[in-house]
Amino acid sequence: MALAEVVGSTAAIGYGLAAIGPGIGVGLVFSAYIQSTARQPESSRLTLPYVWIGFAVVEALALLGIAFGFIWAG
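Residue 36 in UniProt numbering sits at position 36 of the sequence shown, and the numbers go up by one each step.
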């Protein structure tokens with residue numbers, strides 16, 4: 001019986017696993033915004049820019065993850 005050989009880039013598998021973190025992060029950012037708006041509706045305009053900043057930071061980390069995957073793949 002022959003052993004199965006892994007062919008391809010393991011960077012794709014690594015990024016697939018690393019994408020779980022930003023997915024959870026985006027969910028937490030928007031859930032916190034929804035909860036804060038539900039508690040104090042008049043603050044929705046005040047807190048909305050912070051939601052987009054948090055979203056951008058989380059997504060930037062995801063893009064860094066895919067970039068490092070390609071860099072380290074060689």
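For each residue, glycine too, the CB sits at the ideal point set by N, CA and C.
Local Cβ density within 10 Å of residue i, reported as buried at 16 or more and exposed below that
{"i": "residue 22", "result": "buried"}
{"i": "residue 29", "result": "buried"}
Helix, strand or coil at residue i according to DSSP, with G and I counted as helix
{"i": "residue 40", "result": "coil"}
{"i": "residue 19", "result": "coil"}
Euclidean distance between Cα positions of residue i and residue j
{"i": "residue 64", "j": "residue 39", "result": "34 Å"}
{"i": "residue 48", "j": "residue 32", "result": "11 Å"}
{"i": "residue 58", "j": "residue 42", "result": "26 Å"}
{"i": "residue 71", "j": "residue 10", "result": "12 Å"}
{"i": "residue 17", "j": "residue 56", "result": "20 Å"}
{"i": "residue 36", "j": "residue 60", "result": "24 Å"}
{"i": "residue 46", "j": "residue 26", "result": "19 Å"}
{"i": "residue 51", "j": "residue 24", "result": "14 Å"}
{"i": "residue 34", "j": "residue 44", "result": "9 Å"}
8 Å contact criterion, which residue i and residue j should meet: CB distance rounded
{"i": "residue 69", "j": "residue 15", "result": "5 Å"}
{"i": "residue 62", "j": "residue 19", "result": "6 Å"}
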